[in-house]
DNA sequence: TGAAAAAGTGCAACGACTCCACTTTTCTAT
DNA sequence: ATAGAAAAGTGGAGTCGTTGCACTTTTTCA
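Residue numbers (our numbering), protein chains in the order written: chain A, 158 to 344; chain B, 158 to 344.
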């Protein structure tokens, strides 16, 4: 990797770090992009050369999550249904970093700031197509099968559904129970 | 209704009308709030006394939709399941105004403008709690039952899922099939 | 070595939105 | 009927996110 790319990565990292620190410190809305730029010692315009928006400064580690998601479907134990595998994966994501206090503050920040909630959801839902394709491939359905797409959409939506509910774990379980077994018929 | 309220409602209506006309004409991003204000012959600040944001200028008729939604559950035919009733209601909403060219332009505008898509979805999802409560009441479950909430959430999400897919009707049907019967078990 | 490409800067600008001090209109209570 | 509270509207200045442009500096590569 040449010096150019290294420097570029460095300023990008400096920006993400400064942003995280300031946002956790004062709150997202109380920090301007100019503040972040100054803390990283670059000009405001440079910030937008690296990140498409202020919100993007916080969501910089989004590449592995899709891979893990696909793997949860593809490499699930023999005999486990796809909804159940997705449920396990979702619950695992929730419990991961439950001990890390830095992570806890990060989660609290993103959930309490509307703009960040929205942005985070959008980023997360971007994996819908990939997940739907993985499910379709696994079940032998056509690649654009709407049933597979629906499952992918709803499974991803689960985290946004659980957010803000009193008992998040219970919410996730109820949602996946619905996806797995359907709405209980009356009688 | 006193003169004051009447005048207030009048300027509000004038703003909404001007906004609709201009947005349909030139596109959402090509019209500034000032343009709308001038077209309605008020100052820019007045606009924000009536509407919380530029997007809100377009979504001014949101009160009846929740009532219709609740009614679709509560007044469904004897023996019809709740997911099916919600499916019928969703499909009905889609086909309503399919003939109205003005409505078609409106839909096209909101679906092609990211900010409006997001805003419309947020407004729509606001009915989640009310719908969940209606479902819970109908089934005799506790008011905050997570299963009912999950069904409400996913049923509302259906329109956002169908949006952007090639065959919207097929997407809605696949989504509700999943909610009604669950993911088909292997074997 | 010299020139293209890319990173960064500085500035000006636009648009959404807020704040504030102020005028005008309408309501209400005496 | 009239005074005064309450609300609607105005105007302007200001903040913030975001973009565009013209320009300098650094790095790459032929």
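Using N, Cα and C, we set each Cβ at its ideal position, and we do this for glycine too.
None of the values given here were measured: they were computed from a predicted structure.
Among the residues facing chain B, residue 321/A is not included, as its CB has no counterpart in that chain under 8 Å away. With a 10 Å radius around the Cβ and a threshold of 16 neighbouring Cβ atoms, residue 330/A comes out buried. As the crow flies, the alpha-carbon of residue 278/A is around 15 Å from that of residue 310/B. Distance check between residue 214/B and each of 333/B, 172/B, 199/B places 172/B closest, using alpha-carbon atoms only. In this structure, residue 190/B places its C-beta atom within 8 Å of the C-beta atom of residue 204/B.
In the DSSP assignment, residue 170/B falls within the alpha helix (DSSP H) that extends over 160 to 183.
If you draw a straight line from the Cα of residue 294/A to the Cα of residue 321/A, it comes to about 33 Å. Separation of residue 167/B and residue 180/B (C-alpha to C-alpha, rounded to the nearest whole angstrom) is 20 Å. If you compare the alpha carbons of 208/B, 174/B, 315/B with that of residue 197/B, the shortest gap goes to 174/B. Setting aside the 5 residues that flank it on each side, residue 201/B is surrounded in the same chain by 190, 191, 194, each with a C-beta closer than 8 Å to its C-beta; the list follows chain order.
Beyond the five residues adjoining it in sequence on each side, residue 219/A comes within less than 8 Å, by CB distance, of 280 in the same chain, given in chain order.
At a cut-off of 8 Å between beta-carbon atoms, residue 265/A makes no contact with chain B. For residue 209/B, no CB of chain A lies under 8 Å from its own CB, so it is not counted at the interface with that chain.
If you check the CB distance, residue 275/A and residue 290/A do not come in under 8 Å. DSSP places residue 207/A in the helix class (H, G or I) of the three-state scheme.
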